[in-house]
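Visitor: Handing you this structure, nothing more for now.
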Amino acid sequence: MLQQTLKDLDVACRRYGTAKVRWKTKTRWRPSFRFPTPGQISVETINHRWGRVFLPKLGWVRFRLSRPLSASVRSATVSCDGAHRLTRDYAHVVFEDLNVRGMTASASGTATAPGARVAQKSGLNRAILDKGWYGLEIAVRSAARRTGSILDKVPAAYTSQTCSNPACGRVDAKSRDSQALFTCTACGHSEHADVNAAKCIKARGRAAGPVVSGRGDFGAARVGEASSTRSTARGAPRAAV
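Here is the structure:
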């Protein structure tokens with residue numbers, strides 16, 4: 001961030017002179033920061049949809065490959081505007097109603113009844129809290145007030161075990177072949193487990209009936225497609241449309 005600030009200051013001084021340079025107010029800054037040094041950035045392609053970039057002090061960060069990358073990357077910008085993109089592109093955003101407080105409860109137990117696998121549970125708790133699921137919900141709700149998008153929450157129970165095929169809908173724990181793969185034991189439908197769960201969440205949101213928009217009413221929402229978010233402890237919530 002210091003390199004970014006110095007580069008911006010240098011550009012401002014060259015354009016307007018040192019006497020006319022003024023610091024912007026905090027409301028004019030985008031919620032983002034840049035890595036302007038090419039030598040510190042390394043980009044790798046995971047597959048045709050995803051890639052990852054190595055950023056100083058952050059490590060490897062996964063991103064969606066929306067277009068082919070050039071031969072060399074000169075800078076990288078990390079922005080915090082995912083909530084605005086969701087409410088801008090979708091008229092209906094559906095969240096799974098997670099009991100984060102219960103999910104992150106301590107497993108240490110008591111002196112007479114000590115808990116089991118305390119270290120593993122502590123690591124899982126840190127991973128869950130690090131993702132900021134509630135913060136994302138608050139940001140989306142705030143952005144929805146300006147766009148009129150509808151925000152809804154549905155129960156998360158059995159979304160990981162339910163087949164997203166509209167003609168099936170079977171609930172079976174054996175459909176989870178692995179942590180990442182879902183294969184329905186009834187119809188054979190197979191796809192990534194998080195994508196399948198996100199589709200189930202979206203279907204529940206559509207079936208919930210009239211919901212309140214981000215502005216607090218029933219009729220101010222835009223007409224459009226729905227989006228659902230599926231939260232994972234290993235990464236940011238993912239959307240399926």
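Note that UniProt numbering has the sequence shown beginning at 1, numbered continuously upward. Each residue gets a CB set at the ideal place from its N, CA and C atoms; glycine is no exception. Computed from a predicted model, the values in this text were never measured in an experiment.
Considering only DSSP beta bridges, list what A76 is partnered with.
Guide: F35
Visitor: Compare the beta carbon distance of F95 and E137 with 9 Å and say whether it is the shorter of the two.
Guide: yes
Visitor: So, are the CB atoms of A91 and R34 less than 9 Å apart?
Guide: no
Visitor: Assuming R204 and V154 are in contact, meaning their beta carbons sit under 8 Å apart, how far apart are those beta carbons, in whole angstroms?
Guide: 4 Å
Visitor: Is the distance from the Cβ of V195 to the Cβ of D152 below 9 Å?
Guide: no
Visitor: Tell me which residues share the same chain as K7 and place their Cβ nearer than 6 Å to its Cβ, disregarding the 5 neighbours each side in the sequence.
Guide: Taken in chain order, the residues that qualify are P36.
Visitor: Give the list of continuous beta strand (DSSP E) stretches no shorter than 3 residues that lie fully inside the UniProt domain "Cas12f1-like TNB" (133-201).
Guide: 150-155, 181-183 and 190-192
Visitor: Using a Cβ-Cβ cutoff of less than 6 Å, which residues in the same chain neighbour T159 once the five nearest sequence positions on both sides are dropped?
Guide: The beta carbon of T159 sits closer than 6 Å to those of A197, C200 and I201, all from its chain and outside the five residues before and after it, given in chain order.
Visitor: Report yes if the C-beta distance between S149 and L69 is below 9 Å; otherwise report no.
Guide: no
Visitor: Locate the alpha helix (DSSP H) running through H101, then write down its first and last residues.
Guide: Note that residue 101 corresponds to Arg in the displayed sequence, not to His. V100 to M103 is the extent of the alpha helix (DSSP H) around R101.
Visitor: Taking C-beta to C-beta, are S106 and N125 nearer than 9 Å?
Guide: Going by beta carbons, S106 and N125 fall inside the 9 Å limit.
Visitor: Which stretch, first to last residue, makes up the beta strand (DSSP E) that contains G51?
Guide: W50 to L55
Visitor: In the DSSP assignment, the beta strand (DSSP E) including G123 goes from what residue to what residue?
Guide: Premise fails: G123 lies in the alpha helix (DSSP H), V118 to K131, not in any beta strand (DSSP E).
Visitor: Do A180 and A193 have their CB atoms nearer than 9 Å?
Guide: Taking C-beta atoms as the reference points, A180 and A193 count as a pair closer than 9 Å.
Visitor: For A167, count the other beta carbons within 10 Å of its own beta carbon; 16 or more makes it buried, fewer makes it exposed. Which is it?
Guide: exposed
Visitor: Can you list, in chain order, the residues of its chain with a C-beta nearer than 6 Å to that of C187? Leave out the 5 residues immediately preceding and following it.
Guide: N165 and C168
Visitor: Would you tell me roughly how many angstroms separate the C-alpha atoms of H84 and F54, rounded to the nearest one?
Guide: 25 Å
Visitor: Measuring straight from C-alpha to C-alpha, what distance separates R67 and I46?
Guide: 14 Å
Visitor: Tell me which residues share the same chain as T104 and place their Cβ nearer than 7 Å to its Cβ, disregarding the 5 neighbours each side in the sequence.
Guide: N125, I128 and L129
Visitor: Quick one: grab the DSSP three-state call for G109.
Guide: strand
Visitor: Which of helix, strand or coil does DSSP assign to R67?
Guide: Coil.
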